[in-house]
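Remarks on the structure that follows.
Number of protein chains: 2
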Amino acid sequence: MTLPTIIKVHVPESHNDFLERLRRLPPLFTCTIASTETALIPGVSAAGAGPELIPYTAAADVEALVYGQALCLEKIPENPVGPPSPVIITMAALRELEAPFFVVDAGNAVTPKVPMLTAGRQPGREITAPEAVAEVEELFLQGIIIGQQLADNHHSLILGESVPGGTTTAMAVMEALGIAALGKISGSMPGNNQNLKQDLVCRALREKDLQRGFALKNPLSAIRLLGDPMQAVQAGIAMSASRKIPVLLAGGTQMIAVAALIGALLEQPAAINAITRRGSQKLINCALKAQLENVAIATTAWVSEDESADLRSLMRQLPQALPLYAAGLDFSTSRHQNLKLYEEGYVKEGVGAGALALCAMLYHDLDNLKFLPRIEKIYEEIYLAG
Amino acid sequence: MTLPTIIKVHVPESHNDFLERLRRLPPLFTCTIASTETALIPGVSAAGAGPELIPYTAAADVEALVYGQALCLEKIPENPVGPPSPVIITMAALRELEAPFFVVDAGNAVTPKVPMLTAGRQPGREITAPEAVAEVEELFLQGIIIGQQLADNHHSLILGESVPGGTTTAMAVMEALGIAALGKISGSMPGNNQNLKQDLVCRALREKDLQRGFALKNPLSAIRLLGDPMQAVQAGIAMSASRKIPVLLAGGTQMIAVAALIGALLEQPAAINAITRRGSQKLINCALKAQLENVAIATTAWVSEDESADLRSLMRQLPQALPLYAAGLDFSTSRHQNLKLYEEGYVKEGVGAGALALCAMLYHDLDNLKFLPRIEKIYEEIYLAG
């Protein structure tokens, strides 16, 4: 079956013209990186060639964006079975789009040798720790400021991430916000290790004596207790930037969790108005003026059509209706075995790959067959260069 | 005497159309902040209301840009005699221009509660220390990356700074690069305390057994031995961004030192080609393609016409001819005594005030009389608000 170039997975009527509005402005990409110790629990993440390399994954991904290769790893991050990080898709799309980008630091165990917009400086803890994310309100406020700064830049905004372990924190946060997410998330391995992740989320909820939906009255508490630092920052950026420009949340499961957080926050303005640190009021007012018709989610077909997940169900449960698009990427005809392995589910999404591929194809009228060789070229530059 | 709105202090023919080219693109402002322990030597800096507040000055300045007031100080930085930081001019201009901005962190003793593009994380030492700036090559490389990222943003770039003690490090670096700077720099007090600063620079040179011009063969060694972290970062940003867009170095003495560094680096490509850390070669190639016709300096009339300094002499000594413009700011008719004190030399420049005032007046066809009330309004919002 040939996939359409852009799969309209879930598009509420309110957003019929979103892609058209997105295309009116040149794209600007941000990649928000963060660590969560949740990723170090065996079986949660396949983001590094071996478990000891997981903490380097996010740093290596953004170094690759800047330098064409990682500095803290030999090449770029890899799945243990061989396929390379989806950053190769991101790199191909950024080259095609000639798009500027910034890295946003939400709190990382390994500091990459690249400039980062600092939103936070502390890695997240395990979701079973008493506090998974410290200073979650400050992360949210810093995100709002970044969104303000980027919104004046005359671009459409594509908000990606690299957070190993991030689909597990996404599952936990969605449950906290009342979305039935167990068994429905995607992830960086065939089958997504749903049982292990589900057991972990249920254990964290149980040990903290929390039920599904407990955070609806105070949505940021979902992140504080069960999330990762990226989620709070990304929500802040998206909310304030959406007042002025189209914002594409770039990812699958992880961005549905961010969208759930945004929706829940907008339904509980009292909860964020309760943030009282000096100077916060203007920022909060700004976030509360978020324009959801300017927000959408985009991922890859490997995620949206993942039969071990159920993205459509997650989208239907969002507090506010938002669209989910997917780039019809298909590597089955690739000349490289490690890229063909994407078709077996070893790598599916990350570093904004799906949304950027979608933009590259949308802005430059490419289909998968035309775009794939550009991804292969990046792969060859990294792995086959003398 | 009434000042012209824009004073063309020094304009080589190569740059006759610079302001016109600048105006073709909307402005984007960056403020690079750094600490140097040189500022803590008594008499060097009047950047804080008292010496113990000097380390907070840069952080407070950029917090004011984001929040409309500082968080780490009560209001905003002040000269001990009363006049407020020039950040009020910057704030008025940014509001007028509706310009986006980013803060760049080159290494600071106090971390402001604002997102910063990280170029460095270590404050500078005293210029008499064995190494005034650590990892100067890395600072330069990170600056180059930031310049690349900003150059794709479809803006003209205005590069400001807040570095207490920065005119002393500027004097030292100019001497290191063969420019007779003793007694010619401006600074944040009447008369500029030339003797004290000059004695300090001469002592640093003597103790390290260095002569004027010692760094011409290896320009970054001027920063390593006698400079501050901002200088290396700013040169990197300006060089790589100037390949594509007009770049205005926003400051007086301090930016002439940065311009001297840029000129010296372009005359000694071998020196920067000697940087061999992994991934650096592409960045260096990018810096070496700097287009000087895209670079100029802009400051205030308080600096350009400062009779205790000699900016024209410094400009004539630059290795490559660059223009110096000044915004014809005049606070003598202000309704606030603390602003009138600017006319007595207590505050003259900083946080890109001169260049941003110049842009506000240039882009929006204002003169000093029309612009001053907008600055007074900012002052009143900070000091007279209930």
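Heads up: the protein sequence lines correspond to chains A and B, in order. Using the working numbering, the first residue of the first sequence is number 4, and each one after it goes up by one. Using the working numbering, the first residue of the second sequence is number 4, and each one after it goes up by one. All C-beta atoms in this analysis are idealised placements derived from N, C-alpha and C, irrespective of residue type, glycine included. A quick note: this is a predicted structure, and the numbers were derived from the prediction, not measured.
CA nearest to the CA of residue i, picked from the options
i: Ile147 (chain A); options: A:Ile287, A:Val306, A:Ser337 and A:Asp313; result: A:Ile287
i: Phe21 (chain A); options: A:Thr131, A:Ala301, A:Glu141 and A:Gln201; result: A:Ala301
i: Pro86 (chain A); options: A:Lys351, A:Ser245 and A:Leu344; result: A:Leu344
i: Glu1 (chain A); options: A:Leu142, A:Ala175 and A:Glu140; result: Past the boundaries of the shown model lies residue 1 (chain A); chain A is included only from 4 to 389, so the question cannot be answered.
i: Pro167 (chain B); options: B:Pro89, B:Ala49 and B:Leu208; result: B:Ala49
i: Thr170 (chain B); options: B:Asp155, B:Ala330 and B:Gln257; result: B:Gln257
i: Phe105 (chain A); options: B:Ala244, B:Ser311, B:Arg209 and B:Ile149; result: B:Ile149
i: Leu179 (chain A); options: A:Lys187, A:Phe217, A:Asn198 and A:Gly163; result: The sequence shown places Ala at residue 179 (chain A), not Leu. With distances taken between Cα atoms, Ala179 (chain A) lies closest to A:Phe217.
i: Ile9 (chain A); options: A:Leu321, A:Thr303 and A:Met318; result: A:Thr303
i: Pro133 (chain A); options: A:Ser311, A:Pro115, A:Arg209 and A:Leu291; result: A:Arg209
Alpha carbon of residue i to alpha carbon of residue j, nearest angstrom
i: Arg227 (chain A); j: Ala235 (chain A); result: 9 Å
i: Leu219 (chain B); j: Leu268 (chain A); result: 57 Å
i: Leu76 (chain A); j: Thr35 (chain A); result: 19 Å
i: Pro80 (chain B); j: Glu308 (chain B); result: 24 Å
i: Glu352 (chain B); j: Met233 (chain B); result: 16 Å
i: Gln414 (chain A); j: Gln151 (chain B); result: Here chain A has residues from 4 to 389 only, and residue 414 (chain A) is not among them.
i: Thr336 (chain A); j: Ala274 (chain A); result: 50 Å
i: Met94 (chain A); j: Trp305 (chain A); result: 18 Å
i: Ala109 (chain B); j: Gly255 (chain B); result: 19 Å
i: Gln145 (chain A); j: Gly239 (chain A); result: 7 Å
i: Leu387 (chain B); j: Val90 (chain B); result: 17 Å
i: Arg281 (chain B); j: Ser88 (chain A); result: 20 Å
i: Ser38 (chain B); j: Ser316 (chain B); result: 27 Å
i: Gln237 (chain A); j: Met364 (chain A); result: 24 Å
i: Glu138 (chain A); j: Met119 (chain B); result: 18 Å
i: Gly163 (chain B); j: Val261 (chain B); result: 11 Å
i: Arg206 (chain B); j: Asp212 (chain B); result: 10 Å
i: Gly194 (chain B); j: Gly127 (chain A); result: 51 Å
CB contact below 8 Å: residue i versus chain B
i: Met119 (chain A); result: yes
i: Arg227 (chain A); result: no
i: Val298 (chain A); result: no
i: Ile275 (chain A); result: no
i: Leu76 (chain A); result: no
i: Asn288 (chain A); result: no
i: Arg281 (chain A); result: yes
i: Ala109 (chain A); result: no
i: Ala363 (chain A); result: no
Cutoff 8 Å: residue i Cβ touching any chain A Cβ
i: Arg98 (chain B); result: no
i: Pro83 (chain B); result: no
i: Phe105 (chain B); result: yes
i: Asn156 (chain B); result: yes
i: Tyr366 (chain B); result: no
i: Tyr70 (chain B); result: yes
i: Ile92 (chain B); result: no
i: Glu101 (chain B); result: yes
i: Ile148 (chain B); result: yes
i: Ala356 (chain B); result: no
i: Ala122 (chain B); result: yes
i: Gln152 (chain B); result: yes
i: Gln145 (chain B); result: yes
Whether residue i touches residue j by CB criterion (8 Å)
i: Ile161 (chain B); j: Ala263 (chain B); result: no
i: Ile253 (chain B); j: Ala173 (chain B); result: Contrary to the premise, residue 253 (chain B) reads as Ala rather than Ile in this sequence. Going by C-beta atoms, Ala253 (chain B) is not nearer than 8 Å to Ala173 (chain B).
i: Thr33 (chain A); j: Val107 (chain A); result: yes
i: Val47 (chain A); j: Val117 (chain A); result: no
i: Ala52 (chain B); j: Val113 (chain B); result: no
i: Gly348 (chain A); j: Met192 (chain A); result: yes
i: Leu25 (chain B); j: His158 (chain B); result: no
i: Glu66 (chain B); j: Leu74 (chain B); result: yes
i: Asp313 (chain B); j: Asn371 (chain B); result: no
i: Leu203 (chain A); j: Ile44 (chain A); result: yes
i: Gly230 (chain B); j: Val136 (chain B); result: yes
i: Arg246 (chain A); j: Lys292 (chain A); result: yes
Contact test: residue i Cβ vs the ligand SAM heavy atom, cutoff 7 Å
i: Met318 (chain B); result: As for the ligand SAM, it is missing from this structure, which has no ligand bound.
Quick check: the segment 283-299 of chain A against the segment 244-251 of chain A, are at least 3 beta-carbon pairs closer than 8 Å? yes
Report yes or no: do three or more beta-carbon pairs, one from the segment 364-377 of chain A and one from the segment 119-135 of chain B, lie closer than 8 Å? no
Below 8 Å, how does it come out for the segment 357-372 of chain B and the segment 87-100 of chain B: are there three or more Cβ pairs, yes or no? With a cut-off of 8 Å, the segment 87-100 of chain B and the segment 357-372 of chain B count as touching, because enough Cβ pairs lie within range.
Do the segment 317-335 of chain B and the segment 10-28 of chain B meet, that is, are 3 or more Cβ pairs less than 8 Å apart? yes
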